[in-house]
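Below is one structure, written out as structure tokens, with a few remarks after it.
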Amino acid sequence: MRICKIWDADYPWDIRVEKVADSLADAGHEVHLVCRNGGRLQRTESTGKFQIHRLPAFPMFLGPLHEICNFPHPGNPFWWGEIARVMRRYRIELILVRDLPLAIPAGLLGKLFGIPVVLDMAENYPAMLEDRRLYTPTSALGRMLRHPSLARLIECLSFPLMEHIVVVVGQSRDRLKAAGVSAQRLTVVTNTPRVDQWDAAQATRTNPAPQRGLHVVYLGNLDGSRGVDIAIRGMVQLKRHGMPARLTIIGQGPSRSVLEELLTTEGVADRVTICGRLPFREVQAVMAESDVGIIPHYGTEAWNTTMPNKLFDYMLWGIPVLVSDIKAVADIVRDVGCGAVFRDRDPEDFARCLIEMQPVEVRERMGCNGRQAIQQRYNWKVEGADLVRCIEQVKARHQSA
94 MRICKIWDAD YPWDIRVEKV ADSLADAGHE VHLVCRNGGR LQRTESTGKF QIHRLPAFPM
154 FLGPLHEICN FPHPGNPFWW GEIARVMRRY RIELILVRDL PLAIPAGLLG KLFGIPVVLD
214 MAENYPAMLE DRRLYTPTSA LGRMLRHPSL ARLIECLSFP LMEHIVVVVG QSRDRLKAAG
274 VSAQRLTVVT NTPRVDQWDA AQATRTNPAP QRGLHVVYLG NLDGSRGVDI AIRGMVQLKR
334 HGMPARLTII GQGPSRSVLE ELLTTEGVAD RVTICGRLPF REVQAVMAES DVGIIPHYGT
394 EAWNTTMPNK LFDYMLWGIP VLVSDIKAVA DIVRDVGCGA VFRDRDPEDF ARCLIEMQPV
454 EVRERMGCNG RQAIQQRYNW KVEGADLVRC IEQVKARHQS A
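Quick note, in the numbering used here, the sequence shown goes up one by one and the last residue is 494.
Now the structure itself:
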């Protein structure tokens with residue numbers, strides 16, 4: 094089957110885009126990825142498994158024209174043109190569009206060409222934009238172009254155009270069923286890791302000196318609803334309890350300056366380090382000597398209907414996790430026994446859980462449980478096969494209709 098996969102950002106890189114495209118290619122399908130070209134890279138490129146088709150690049154002297162023409166808006170004619178060009182030239186048989194921004198052009202072009210369209214919906218987009226509006230510093234233009242009400246309208250218009258919708262957790266499936274999408278048009282494919290993704294089997298876990306206390310790590314973006322402020326305030330509570338601990342924050346985002354100010358005003362600059370983005374090898378080094386990985390996200394609708402990738406990264410490394418009680422994440426942690434769950438936006442409960450995780454034998458048991466769960470259940474070999482089977486069934490149903 095010849096598949097056009099649509100991704101609204103630059104490639105490289107996105108881990109789910111790569112896993113999905115590679116799995117489909119490994120199953121014998123021809124995959125063409127249409128993506129943004131913010132970095133002004135060459136228009137076409139092969140990864141060895143799939144072909145990349147980037148939007149046009151405009152010269153620097155034309156100012157913002159390049160960004161405007163690459164912006165993933167449903168009415169952007171450059172996206173429509175590039176998707177249609179790839180569909181015609183390579184005789185595409187199915188479209189797989191990632192997330193909401195380009196679902197309408199994908200759906201309408203699918204109808205025009207008479208082929209099925211599948212939406213791979215990794216995020217609850219309206220709720221995610223609501224979080225951004227409430228908790229993250231955003232420009233006035235950004236608030237207008239990425240407004241939750243517009244995203245809700247796009248959902249209403251795009252869902253009927255989709256032959257099938259792939260979601261990442263059961264809570265997201267339930268939300269769409271409540272919105273009127275039939276269960277037969279929904280499949281859950283969780284964003285689990287490849288077991289070799291981090292080369293964790295070759296990595297050596299180290300044990301920091303006990304007198305330095307627990308080494309807690311956060312890996313991910315820095316924006317308002319991810320709860321990194323709660324983790325910092327939790328470190329304040331540990332300091333008051335006299336418990337030695339340090340927090341390493343790896344990531345970048347619009348809330349970084351606010352968080353840096355917070356750790357200074359709260360008096361924990363000696364315990365908390367914000368590293369920004371790090372090269373892969375440095376991330377590996379930090380992970381290898383960490384004691385607890387955290388996911389302190391706010392319990393908003395957005396986080397209660399998706400799955401942060403970092404949960405599986407921590408589990409793959411055999412690192413025990415401390416998570417807020419967002420639904421899908423907390424369910425896995427409790428079921429597997431790979432960590433602890435604290436009350437959403439409660440720094441004192443965050444600290445209490447870390448105190449309970451102090452004993453080495455407790456953390457070793459949790460880490461082992463997480464690693465085993467990845468090997469046996471939560472890995473892309475399982476989920477990738479489900480995705481390929483789903484896509485092939487959609488095509489077969491469309492042909493027989």
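All C-beta atoms, glycine included, are put in the ideal place defined by N, C-alpha and C.
Check	Outcome
Look up Thr366 in the DSSP assignment and give the residues it is bridged to.	Thr341
Any idea if Arg370 is buried or exposed, counting beta-carbon neighbours within 10 angstroms, 16 or more meaning buried?	exposed
Across the segment 186-198 and the segment 211-231, are there enough close Cβ pairs to call them in contact, namely three or more that are closer than 8 angstroms?	yes
Per DSSP, which residues does Ser40 bridge with? Please list them.	Lying outside 94 to 494, the shown extent of the chain, residue 40 is not represented and no answer is given.
Can you grab the Cα-Cα spacing for the pair Val321 / Pro219, in whole Å?	22 angstroms
For the alpha helix (DSSP H) that Trp473 lies in, which residues bound it at each end?	Trp473 to Ser493
Around the Cβ of Glu476, are there at least 16 other Cβ atoms within 10 angstroms (buried) or fewer (exposed)?	buried
Do His122 and Val179 count as a contact pair if the criterion is CB distance below 9 angstroms?	no
Met221 and Ala395 - do their beta-carbons sit closer together than 9 angstroms?	yes
Measuring CA to CA, which of Gln264, Asp289 and Gly327 is closest to Cys446?	Gly327
Name the residue from Trp106, Arg490, Asp101 and Lys142 whose alpha carbon lies nearest to the alpha carbon of Ala114.	Lys142
Need the endpoints of the alpha helix (DSSP H) that Ala102 sits in, please.	Unbroken run through Ala102 is the beta strand (DSSP E), Arg95 to Asp103; no alpha helix (DSSP H).
So, for Trp100: in the same chain, excluding its five sequence neighbours on each side, which residues have a beta-carbon less than 8 angstroms away from its beta-carbon?	Asp107, Val110, Leu126, Val127, Cys128, Arg129 and Arg191
Helix, strand or coil for Gly386, going by three-state DSSP, please let me know.	strand
Closest to Ser265 by CA distance: which of Pro253, Met255, Glu256 and Thr280 is it?	Thr280
Given this structure, state the Cα-to-Cα distance separating Arg184 from Phe151, to the nearest angstrom.	28 angstroms
According to DSSP, is Thr399 part of a helix, a strand, or is it coil?	coil
To which residues of the same chain is Gly430 closer than 8 angstroms at the C-beta, ignoring the five residues directly before and after it?	Arg458, Met459 and Asn462
Using a Cβ-Cβ cut-off of 7 angstroms (strictly less than) and excluding sequence neighbours within five positions of Ala271, which residues of its own chain qualify?	none
Measuring alpha carbon to alpha carbon, tell me which of Val210, His159, Phe171 and Asp439 ends up nearest Val329.	Asp439
Have a look at Met94, Ala444 and Asn397 and flag the residue whose alpha-carbon is nearest the alpha-carbon of Leu415.	Ala444
Starting from Asp213, trace the beta strand (DSSP E) both ways and give me its first and last residue.	Val210 to Met214
Per DSSP, Glu138 forms a beta bridge with which residues?	Ile145
I'd like the span of the beta strand (DSSP E) that includes Thr229, first residue to last.	From DSSP, Thr229 is part of no beta strand (DSSP E); its letter is neither H nor E.
With a threshold of 16 other CB atoms inside 10 Å of the CB of Thr357, please say whether the residue is buried or exposed.	exposed
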